[in-house]
Ligand code: TYD
Ligand code: MG
């Protein structure tokens, strides 16, 4: 029997019968991916003939009918907000995250809530037996126990079940476990994942079912391994956090039906994930005010969030010294250390530098620069940034390569949040207009001066 699949190069399209590390067409490495063979092309169209086909009539976009769709509200506010108001029928959401972060818990809770309001749902588990899924659901409460579930890894069976059950919402946990008939690659390989996603997409669009595909994150941080999947789906959500810590953040990397700037914060508890509506209070309450600690007025999407940035500077003989960053970008840290060395800060060439954002939060924005710089200098000097009453110093702002402080977005919201928690004055970049509570600093050097002028001097540790 002739094989139904072939291997195709992702970069030049070359077809090969066997997998090989290098494409014999273009010489690229690791680009061959298994895919079904396309059907034989219809004969009779010689070269030179133009391709015939019925012409389509373009319609002005304002005349295209777009019925307002009612979203499926999952009842988990943070999830609904990140999705842009709930699940869109007929859409595909890819939910990525590392193992143990709570993907199955989140999707189980969402389906449970939908069942409770009378929606039809389906939970497909390829990783756990139905009994294991039930054990989790039992922790999540009564609603989650009402979700119809199958433990299945055959793509064909899943598709047939979708056709016969016609759920409003379905969770596939996970896309990497599905196995398409006729493909020889192992489940989870690029070819398998893409084939499964394509087939599910087709059924979802046709039956108006909202599908959440759970995907694992690879070591490189890509969702579900192949980038192809990210192009295919309507929405890519990333569930992040450290497994040992209880805080989790949910953010959208791509969303065809909403903004990608929204972030949801959850906490993992004994009875499932709990929404954290006011994360700043938690983070600020825990801020120590010790040397090396600084509060950052950060933005999580459109929401301000106060987090504690901590630094530790330790002398070392190791060359090059270590630069460890948790929750902030490592390259960004290297840049800040270089700017500090040139513009008013200490040179740390013979010291290990550790920076950590407390609570397992990730801040991915240049607005964190100043907080990192101040925390590092405070740690180096052994002087706290907090005032004598222990009130922590709050700041925000981007550090430029020439040592200047640069404006970042949403200065007003950042300030507002810090003032709400009784912090202030807040160090930040100069703004066009005067802002209540802001102590504007033009340069990093000036910001360092202002930060340490507040605190009583202590002998360096
Ligand atoms: P899980 O949703 O299975 O993670 P994923 O599907 O992303 O791999 O949950 C992961 C962890 O969460 C698990 O180690 C146990 C913990 N957990 C709780 O702490 N409380 C709970 O109510 C549940 C359901 C799980
Ligand atoms: Mg799971």
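Residue numbers (this note's numbering): 12 to 472. Cβ coordinates follow ideal geometry from the N, Cα and C atoms, glycine included. Bear in mind that the values here come from a model prediction, so they are computed numbers and not experimental data.
Could you check whether residue j and residue i sit closer than 8 Å to each other, using their CB atoms as the reference points?
i           : j           : result
residue 307 : residue 407 : yes
residue 213 : residue 92  : no
residue 131 : residue 177 : yes
residue 284 : residue 303 : no
residue 319 : residue 297 : yes
residue 248 : residue 104 : yes
residue 428 : residue 286 : no
residue 148 : residue 135 : no
residue 216 : residue 101 : yes
residue 350 : residue 317 : no
residue 250 : residue 112 : yes
residue 443 : residue 404 : no
residue 39  : residue 22  : yes
Shortest alpha-carbon distance to residue i belongs to which of the options?
i           : options            : result
residue 204 : 221, 114, 47       : 47
residue 191 : 347, 411, 211, 181 : 211
residue 242 : 271, 376, 208      : 208
residue 355 : 394, 34, 413, 365  : 413
residue 389 : 458, 291, 66, 151  : 458
residue 340 : 95, 366, 28, 112   : 366
residue 3   : 206, 240, 244, 202 : Here the chain comprises residues numbered 12 to 472, so residue 3 is not present and cannot be evaluated.
residue 331 : 462, 106, 359      : 359
residue 313 : 357, 246, 423      : 423
residue 179 : 70, 125, 403       : 125
residue 464 : 263, 446, 445, 385 : 385
residue 1   : 305, 442, 460, 144 : Because the chain in this structure spans residues 12 to 472, residue 1 falls outside the shown range and cannot be described.
residue 368 : 338, 393, 387      : 338
Rounded to a whole number of angstroms, what is the C-alpha to C-alpha distance between residue i and residue j?
i           : j           : result
residue 168 : residue 78  : 32 Å
residue 266 : residue 224 : 14 Å
residue 49  : residue 25  : 13 Å
residue 440 : residue 380 : 11 Å
residue 17  : residue 183 : 26 Å
residue 20  : residue 195 : 17 Å
residue 352 : residue 409 : 16 Å
residue 10  : residue 348 : The displayed coordinates of the chain run from 12 to 472. Any statement about residue 10 would go beyond what the structure contains.
residue 376 : residue 453 : 19 Å
residue 116 : residue 128 : 19 Å
residue 342 : residue 391 : 20 Å
residue 86  : residue 97  : 8 Å
residue 436 : residue 153 : 48 Å
residue 36  : residue 415 : 51 Å
residue 164 : residue 140 : 11 Å
residue 290 : residue 372 : 10 Å
residue 67  : residue 240 : 29 Å
residue 398 : residue 107 : 42 Å
residue 94  : residue 109 : 20 Å
residue 75  : residue 114 : 37 Å
residue 396 : residue 269 : 39 Å
residue 378 : residue 305 : 13 Å
residue 263 : residue 246 : 7 Å
residue 280 : residue 445 : 43 Å
residue 252 : residue 293 : 16 Å
residue 55  : residue 65  : Residue placement at residue 55 is flagged as unreliable, the pLDDT there being 49, under the threshold of 50; the coordinate-derived value follows with that caveat. Straight-line Cα distance between these residues: approximately 18 Å.
residue 261 : residue 69  : 39 Å
residue 146 : residue 63  : 58 Å
residue 166 : residue 202 : 13 Å
residue 237 : residue 170 : Note on residue 237: pLDDT 47, under 50, position unreliable in the model; the coordinate value appears next. When rounded, the distance between both Cα atoms is 22 Å.
In chain order, what residues of the same chain lie with their CB nearer than 6 Å to the CB of residue i, ignoring the 5 residues before and after it?
i           : result
residue 199 : 187
residue 421 : 310
residue 181 : 133, 220, 222
residue 162 : 136, 140, 141
residue 418 : 440
residue 411 : 417
I'd like the list of long-range same chain contacts for residue i, defined as Cβ closer than 8 Å, with 5 residues on each side in sequence excluded.
i           : result
residue 174 : 214, 218
residue 401 : 300
residue 344 : 334, 336, 364, 366, 383
residue 151 : 116, 119, 120, 123, 282, 283
residue 448 : 426, 429, 430, 435, 436, 437
residue 30  : 18, 43, 45
residue 172 : 133, 135, 161, 163
Whose C-beta lies closer than 7 Å to the C-beta of residue i among residues of the same chain, with five residues either side of it excluded?
i           : result
residue 326 : 361, 362
residue 185 : 137, 138, 225, 226, 227
residue 84  : 91, 97
residue 80  : 99, 100
residue 271 : 263, 264, 265
residue 451 : 439, 440, 441, 442
Looking at the ligand NAP, does it come within less than 7 Å of residue i, judged from the CB to the closest heavy atom?
i           : result
residue 115 : The ligand NAP is absent from the structure shown, which contains only the ligand TYD and the ligand MG.
*beta strand (DSSP E) runs wholly inside the segment 179 to 229, at least 3 long, in chain order*: With a minimum length of 3 residues, the continuous beta strand (DSSP E) runs that stay inside the segment 179 to 229 are 180 to 184, 221 to 227.
*asked:* Threshold first: 3 residues or longer. Then list the beta strand (DSSP E) segments lying entirely within the segment 275 to 311, N to C.
replied: Annotation: the segment 275 to 311 contains the following complete segments of the beta strand (DSSP E) (minimum length 3 residues), in chain order: 283 to 286, 304 to 311.
*Ignoring anything shorter than 4 residues or poking outside the segment 92 to 178, list the alpha helix (DSSP H) runs there in chain order.*
With a minimum length of 4 residues, the continuous alpha helix (DSSP H) runs that stay inside the segment 92 to 178 are 114 to 127, 141 to 151, 153 to 156, 166 to 176.
*Can you list, in chain order, the stretches of the alpha helix (DSSP H) that have 4 or more residues and sit fully within the segment 377 to 427?*
Whole alpha helix (DSSP H) segments, 4+ residues: 380 to 392.
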